[in-house]
Amino acid sequence: MHEELTPEEKEALKHVVSKFDSFEKQRGNLIPILQMVQNKLSYLPPEAIKIVSEYLEIFECEVFGVATFYNQFRFHPPGKHPIKVCLGTACHVRAGDIILENFERKLGIHAGETTADKEFSIEKVACVGCCALAPVAIIDETVHGHMAPSKVEGLLMRIEIEKEMEERAKIKDESGR
Amino acid sequence: MPKFLVDNKEIQAKQGTILLKACLDNEIYIPNLCYLEGIDPPSVSCRMCFVKIEGERQPVPSCTVTVKDDMVVKTDTPAVRQLQRTALRLLLSVHHVDCKNCQANKKCELQRMAKFLKVGLKPKGLERHLREIEIDRSHPFLDYYPNRCVLCGKCIHVCREKNGQSALTFSKRGFDTVISFYGVKDLSTFECENCNACIDICPVGALILKESKEEFLK
Ligand code: SF4
Ligand code: SF4
Ligand code: FES
Ligand code: FES
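Going line by line, the protein sequences match chains A and B.
So for the first sequence, our numbering puts the first residue at 1; every next one is plus one.
So for the second sequence, our numbering puts the first residue at 1001; every next one is plus one.
If you want it as structure tokens, here you go:
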């Protein structure tokens, strides 16, 4: 299920661990430490949870329990194209959950997860500040307002096509030289 | 020793006794799920144990009150019953009711409360909200059924009592809250195999020993 950390991630993890010393070994420091780890690694892999648990002498399961309570922590590396679906009040009222469901179904993952090819990840977010456009989804950095289930497939397709075009351009570049 | 009245019956209990416990000890049943002697502060999460105490404007959860001299308590006013029925209906609306195939059948606190409060086990009018995962088999010795769990927290408490820290925890939140055994495979120091404290304390059939389950399936 969980893949091994990449060499870069291992390096980053080693680096944060060396900074643990600046925190006293107190339960109260659990969240600041988790935040620091996530800042470096952009998610909390099981290896990190284990190290934090050993450092603070809190069971892994409790560390996990605390971390899963907060939306800010993720347990999968973000995909290349992060998809954020707004479930704030306005978007909720305009059926943002159906948009979310459509992304989940199309990509075969749940909110908080990342596709196996690491291309996409889905996240639920609260209001992103453009309620007039509800329901809203953000892909990469682009805001898509007035989302409809029928738009989901098109948006994903567009990313696929862009990717293919890039690849083709690359091949052309290379062969052109 | 404080003396007080519950449903017109005179009761005595030691100073500092929790009202709920005093009643239960005197054969006055008050529905309850999350109270456990020694949990301090009480978790007060199930909202089942309401009583009316004279002088208080609203019903109060009896697991949060200690007995006092001359207290006058009623356990079955209409307001109390309404709160309890609503709480139970809400619990059942996130519950996969399948008593025939459940190990807790006939010794289940939900069944007992439903009978006592005359609430059907499959109440109408509320949307059913079940978790996707029916059985969590990640623990080496037990299976966990999220859709039976009432999130009373007793299993976490007894595990902590026995082992200093708990190998079980609440994870996630809201409707998604479940008990998790994250990292349990590494807990070789734990004597889960001969302990079973969590299984024994569970008021419903949410925690089940693995073997018994396999025998059951044969
Ligand atoms: S936990 Fe109780 S109510 Fe639920 S299925 Fe089992 S016996 Fe029935
Ligand atoms: S598993 Fe049982 S004891 Fe533990 S929280 Fe759920 S219902 Fe309570
Ligand atoms: S609620 Fe979605 S943008 Fe405000
Ligand atoms: S027993 Fe009092 S709130 Fe659960």
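For glycine and all other residues, C-beta sits at the position ideal for the given N, C-alpha and C.
Any non-hydrogen atom of ligand 1 closer than 7 Å to residue i Cβ
i, result
"Asn-1105/B", "yes"
"Cys-1192/B", "no"
"Leu-1036/B", "no"
"His-1095/B", "yes"
DSSP three-state assignment for residue i, whether helix, strand or coil
i, result
"Pro-1042/B", "coil"
"Gln-1012/B", "strand"
"Leu-44/A", "coil"
"Asp-21/A", "helix"
"Lys-1218/B", "Confidence in Lys-1218/B is poor, its pLDDT being 41 and thus under 50, which makes the residue's placement unreliable; the coordinate value appears in the next sentence. Coil at Lys-1218/B, not helix or strand."
"Val-1204/B", "coil"
"Leu-1233/B", "With chain B covering 1001 to 1218 only, the question about residue 1233/B has no answer from this structure."
"Asp-1176/B", "helix"
"Thr-49/A", "One point to set straight first is that residue 49/A is Ile, not Thr, in the sequence displayed. Correct three-state label for Ile-49/A: helix."
"Asp-173/A", "helix"
"Asp-1098/B", "coil"
"Ala-126/A", "coil"
"Arg-1128/B", "coil"
"Tyr-55/A", "helix"
"Ala-1087/B", "helix"
"His-76/A", "coil"
"Gly-1120/B", "coil"
"Pro-1031/B", "coil"
"Pro-6/A", "Strictly speaking, residue 6/A in this sequence is Thr, with Pro absent from that position. Residue state, collapsed to three classes: coil."
"Met-157/A", "helix"
"Asn-1105/B", "coil"
"Gly-1164/B", "coil"
Ligand 3 heavy atom lying under 7 Å from the CB of residue i
i, result
"Val-128/A", "yes"
"Thr-1077/B", "no"
"Thr-142/A", "no"
Chain C contact for residue i (CB, 8 Å cutoff)
i, result
"Val-1184/B", "Absent from the structure: chain C. Protein chains present are A and B."
Beta carbon proximity, residue i to chain B, threshold 8 Å
i, result
"Phe-59/A", "yes"
"Gly-65/A", "yes"
"Glu-119/A", "no"
"Glu-62/A", "yes"
Which residues DSSP lists as bridging residue i, in chain order
i, result
"Leu-1142/B", "Leu-1209/B"
"Ala-137/A", "Val-85/A and His-144/A"
"Thr-114/A", "Ser-121/A"
"Val-1150/B", "Val-1150/B pairs with nothing; no bridge assigned."
"Lys-1052/B", "Lys-1074/B"
"Pro-1061/B", "Phe-1050/B"
"Ser-1171/B", "Val-1178/B"
"Ile-1018/B", "Thr-1066/B"
"Asp-1136/B", "Tyr-1144/B"
Cβ-heavy atom distance, residue i to ligand 2, below 7 Å
i, result
"Lys-1154/B", "yes"
"Val-1184/B", "no"
"Leu-1088/B", "no"
"Ile-1018/B", "no"
Neighbour flag for residue i against chain A, beta carbons, 8 Å
i, result
"Lys-1172/B", "yes"
"Ser-1180/B", "yes"
"Ser-1043/B", "no"
Any non-hydrogen atom of ligand 4 within 7 Å of residue i CB
i, result
"Cys-1049/B", "yes"
"Pro-1061/B", "yes"
"Asn-102/A", "no"
"Tyr-1029/B", "no"
"Leu-1033/B", "yes"
"Cys-1046/B", "yes"
Can you give me, in chain order, the residues of the stretch 67 to 80 of chain A that have a beta carbon less than 8 Å from any beta carbon in chain B? Thr-68 and Phe-69
In the stretch 1009 to 1024 of chain B, which residues sit with their C-beta less than 7 Å from some C-beta in chain A, listed in chain order? none
Give the residues from the stretch 1150 to 1176 of chain B that approach chain A closer than 8 Å (Cβ to any Cβ), ordered along the chain. Gln-1165, Ser-1166, Ala-1167, Leu-1168, Thr-1169, Phe-1170, Ser-1171, Lys-1172 and Arg-1173
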